[in-house]
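In order, the protein sequence lines correspond to chains A and B.
Each number in the numbering used here corresponds to the 1-based position in the first sequence with 12 added.
Each number in the numbering used here corresponds to the 1-based position in the second sequence with 12 added.
Every residue, glycine too, gets a C-beta built ideally from N, C-alpha and C.
Since this is a predicted model, take the numbers as computed values, not measurements.
First comes the structure, then the notes that go with it.
2 protein chains.
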Amino acid sequence: MGRWQPGSRERLQGAALELFSEQGFERTTVAEIANRVGVTTRTFFRHFVDKRDVLFADTEQHERQLADATAGAPAELAPLDAIIAAIAGLDWQEIAPRAAQRQRQMVIAASPELTERELIKLNALTAAFANGLQRRGTEEATALLAAQTGLTVYRTAYRRWIDADTETEIAHIIDAVLADLRAIVTA
Amino acid sequence: MGRWQPGSRERLQGAALELFSEQGFERTTVAEIANRVGVTTRTFFRHFVDKRDVLFADTEQHERQLADATAGAPAELAPLDAIIAAIAGLDWQEIAPRAAQRQRQMVIAASPELTERELIKLNALTAAFANGLQRRGTEEATALLAAQTGLTVYRTAYRRWIDADTETEIAHIIDAVLADLRAIVTA
């Protein structure tokens with residue numbers, strides 16, 4: 013590995029997000045991102061495959077974490093509850109400050125290319141949930157249905173968390189989403 | 013419009029599906045598809061933008077149908093039930109014979125490019141369900157959650173219908189999926 017400064021990965025992510033927000037994803041170049049941080053494009057490419065990768069570089073790690081946490085949830089939990097426990101166990105604020113995550117979602121929503129990428133990632137996350145459930149013995153049909161339902165809870169809770177003004181606890185948001193979902197499914 | 017034979021659109025779709033299954037989507041050319049039906053590539057391009065479009069040309073029409081049917085479902089139905097009524101009201105067998113739809117899904121699953129396209133279409137369908145619900149007065153947050161849940165029911169029921177050996181009624185499959193979903197959400 014090279015001799016870049018510690019933290020340049022995070023600084024590149026911050027600079028990219030700023031530039032994407034200011035002037036749009038399509039109009040931003042790797043050179044501009046590197047320049048804003050004061051590193052070379054070579055350093056950029058040590059950390060990321062391309063500028064799109066800046067926004068999605070961490071998602072595979074989260075997929076693995078969520079699959080493992082689902083598989084390892086207490087045995088007595090029902091399938092959906094195992095997924096919920098995995099989601100609630102993530103430190104969302106630690107992944108990135110909420111304002112940065114809100115900005116990231118706005119950048120993605122503004123670009124068809126990034127929206128496509130996001131849909132692929134969400135599909136991979138559904139597969140990760142199903143995989144986690146099957147590792148704990150849930151049979152396939154139930155695992156697939158619970159995984160899709162888990163993704164709905166995840167997306168909805170994440171969206172509400174990002175949009176929330178106050179420091180609402182993620183656990184409370186998830187509980188509220190689950191209550192809404194139960195009302196919808198049993199109406 | 014030109015003077016192509018009646019039915020050439022359907023024949024092109026059938027020939028494309030055969031060729032994609034036999035030799036793969038990537039390796040099939042528009043010229044081969046047109047050739048198998050005995051028409052020119054010009055006729056092909058009167059019906060479809062490109063070879064990928066053969067597989068997705070009808071999906072926008074189905075989105076509109078499902079959005080309209082959701083919006084127009086009896087006023088006393090709860091949001092998810094309005095979506096279910098729309099799904100159950102489609103004549104799935106009439107869209108294409110089940111064997112052809114099974115073949116189509118296998119072609120899509122074998123190609124990352126087509127899988128991406130399918131995910132975009134499913135996302136558009138979720139938006140269509142939400143749109144249909146909002147037109148009947150459902151507030152946005154509930155509409156979004158019910159639409160995602162409706163998509164889960166749709167995908168699961170469609171998959172089970174495609175995989176079924178016997179002529180199981182789609183209404184029975186939907187009922188079974190709903191029962192499974194209720195069990196997962198209320199466990």
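For Lys133 of chain A, the enclosing alpha helix (DSSP H) starts and ends at 124-147. In this model, Gly149 of chain B and Arg54 of chain B are separated by some 46 angstroms (Cα to Cα). Near chain A, meaning a CB-to-CB distance below 7 angstroms, the residues of the region 125-139 of chain B are Glu128, Leu131, Ile132, Asn135.
Minimum Cα-Cα distance from Ala195 of chain A among the listed residues B:Ala90, B:Ala122, B:Glu152, B:Leu145 corresponds to B:Ala90.
Against chain B, the CB of Ala188 of chain A has no partner CB under 8 angstroms away; the residue lies outside that interface. The beta carbon of Asp175 of chain A sits no closer than 8 angstroms to any beta carbon of chain B. Around the beta-carbon of Glu75 of chain B, 16 or more other beta-carbon atoms lie within 10 Å, marking it buried. Listed along the chain, the chain A residues whose CB falls inside 8 angstroms of the CB of Ile196 of chain B are Ala90, Pro91, Leu92, Thr154, Leu157, Ala158, Thr161.
Remark: C-beta atoms of Ala108 of chain B and Lys63 of chain B do not approach each other more closely than 8 angstroms.
Phe56 of chain B is positioned such that its CB atom lies no closer than 8 angstroms to that of Ala69 of chain B.
Residue-level contact by beta carbon fails for Asp65 of chain B and chain A, as no gap is shorter than 8 angstroms. For Gly101 of chain A, the uninterrupted alpha helix (DSSP H) segment begins and ends at 91-101. Around the beta carbon of Gly26 of chain B, 16 or more other beta carbons sit within 10 angstroms, so the residue counts as buried. A buried status is given to Gln160 of chain B, since no fewer than 16 other beta-carbon atoms sit within 10 Å of its beta-carbon. Contact annotation for Arg148 of chain A against chain B: no contact, minimum CB-CB distance about 14 angstroms [criterion: below 9 angstroms].
Counted as a single uninterrupted DSSP element, the stretch harbouring Phe37 of chain B is not any alpha helix (DSSP H), since DSSP gives it neither H nor E. Put simply, the CB of Ala191 of chain B is far from chain A, with every gap to its CB atoms at 8 angstroms or more. Setting aside the 5 residues that flank it on each side, Val119 of chain A is surrounded in the same chain by Leu29, Phe32, Ser33, Phe37, Leu67, Leu126, each with a C-beta closer than 8 angstroms to its C-beta; the list follows chain order. Ala122 of chain A has its alpha-carbon roughly 22 angstroms from the corresponding atom of Phe141 of chain B. For Pro86 of chain B and Thr41 of chain B, the gap between their C-alpha atoms comes out near 46 angstroms.
In the pairwise beta carbon analysis, the region 171-180 of chain B is classified as not touching the region 168-179 of chain A: fewer than three pairs are separated by under 8 angstroms. Under the Cβ distance rule, Thr168 of chain A counts among the residues neighbouring chain B, one pair being separated by less than 8 angstroms.
When B:Ala112, B:Asp187, B:Ser20, B:Tyr166 are compared, the shortest CA-CA separation from Thr52 of chain B is found for B:Ser20. About 21 angstroms separates the beta carbons of Ala199 of chain B and Leu137 of chain A, which is beyond the 8 angstroms limit, so they are not a contact pair. Close partners of Ala199 of chain A in chain B (Cβ separation under 8 angstroms): Ala90, Pro91, Leu92, Asp93. Sequence-ordered contacts of the region 30-49 of chain A with chain B are nonexistent [C-beta pairs closer than 7 angstroms]. In this structure, DSSP gives Asp70 of chain A a state outside helix and strand, which the three-state scheme calls coil. Residues of chain B whose Cβ lies closer than 9 angstroms to the Cβ of Thr71 of chain A do not exist; the shortest such Cβ separation is about 15 angstroms. The continuous alpha helix (DSSP H) containing Arg110 of chain B extends over residues 110-121. Scanning chain B for C-beta atoms nearer than 8 angstroms to the C-beta of Thr164 of chain A yields Leu157, Gln160, Thr161, Thr164, reported in chain order. The three-state secondary structure of Thr55 of chain A, taken from DSSP, is helix.
DSSP places Glu179 of chain A outside both helix and strand once states are collapsed to three, so it counts as coil. The C-alpha of Ile99 of chain A is placed about 13 angstroms away from the C-alpha of Gly84 of chain A.
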